[in-house]
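K.L.:
Residue numbers for the sequence shown follow the working numbering, so the first one is 2 and each next one is one higher. Glycine residues also receive a C-beta, built at the ideal position from the N, C-alpha and C atoms. Just so it is clear, the structure is predicted and the values come from calculations on it, not from any experiment. Sharing a structure, written as structure tokens. Questions coming.
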Amino acid sequence: MSNLCIRIDERLESARIGIAQIEAIHRWQAHPAFENWFADQLEIAKDRVSDSTWNARRESVREMLRTAHFKPTGRSKPAQEYLLRCLLEPPFPRVNIPVDCLNLFSVTHGIPISLLRRDRFLDSVNIRLGRESEQYVFNRAGQALDLHGLLCVCGGLSADQPLGSPVKDSMEGKVDDPSQDMIAFLYGPSKYFQQAELDDMAQELSDRIRSWGD
């Protein structure tokens, strides 16, 4: 896959973004070996979320997203908080190997992650704050997320179309076919993560998806 030019709004100094491009995989649906591994990892995740480190990260992520126009509460909580509730009050959501790996990684490490289609980006990614009245549809029911003040990953012809965020990803950007190349965006608060650490985590997630999907 080609290199991407990454542009990040200077107002997002409280955030660091780890990015990994992931080539299309061959195995899409869970298989017995994956199911056994996944069940074991869920138990490990339950131990991780009970410690003070996870809770500190949760507060740091909320602080990272909090702006004059965006409040990370209610239905606009960061994605890993929804996954935490599902972890502690099963069932945990299952979709396919890439999304399952991402959700598990997200809740274990306490950070939100987007997984978006590579073909929704040309040669650049623009990470910026959502504008007034900006929104996108995030599920098949047609529900929309208000993006005003929210960190958004943008692509499209002008690299200005919001496709993903730390809360929910758009239907337009979601990966829905094993033939699609992908990009993972890991959102970490700068007060908590060094860039090199997030880059390593992005690579670890990429390796995990490829290992189970090939």
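Going straight from the alpha carbon of H70 to that of L151, what length do you get?
P.N.:
Roughly 8 Å between the two C-alpha positions.
K.L.:
Would you say P179 and I20 are within 7 Å of each other, going by their C-beta atoms?
P.N.:
No.
K.L.:
Put S53 into one of helix, strand or coil per three-state DSSP.
P.N.:
If DSSP states are grouped into helix, strand and coil, S53 belongs with the helices.
K.L.:
Under 7 Å Cβ to Cβ from R132, same chain only, skipping five residues before and after it: list those, please.
P.N.:
Answer for R132: H149, listed in chain order.
K.L.:
By the three-class DSSP mapping on this structure, what secondary structure does M183 have?
P.N.:
DSSP places M183 in strand when its eight states are reduced to three.
K.L.:
Taking 8 Å as the cut-off, does the stretch 163-176 touch the stretch 195-205 (at least 3 CB pairs, one atom from each stretch)?
P.N.:
These segments do not touch.
K.L.:
Which partner residues of I116 appear in the DSSP bridge assignment?
P.N.:
A small correction: the amino acid at residue 116 is Leu; Ile does not occupy that position in the sequence shown. Paired residue(s): A185.
K.L.:
Using 8 Å for Cβ pairs, my map puts D215 next to R28. What's the rounded Cβ distance?
P.N.:
Contact holds; Cβ gap of about 7 Å.
K.L.:
Can you give, in chain order, each stretch of the alpha helix (DSSP H) that sits fully within the stretch 73-159 and has at least 4 residues?
P.N.:
If we require 4 residues or more, the alpha helix (DSSP H) runs fully inside the stretch 73-159 come out as 80-89, 98-110.
K.L.:
Pull up the CB-CB distance for S115 and F194, whole angstroms please, since I reckon it's below 8 Å.
P.N.:
Not really, about 16 Å apart at Cβ, beyond 8 Å.
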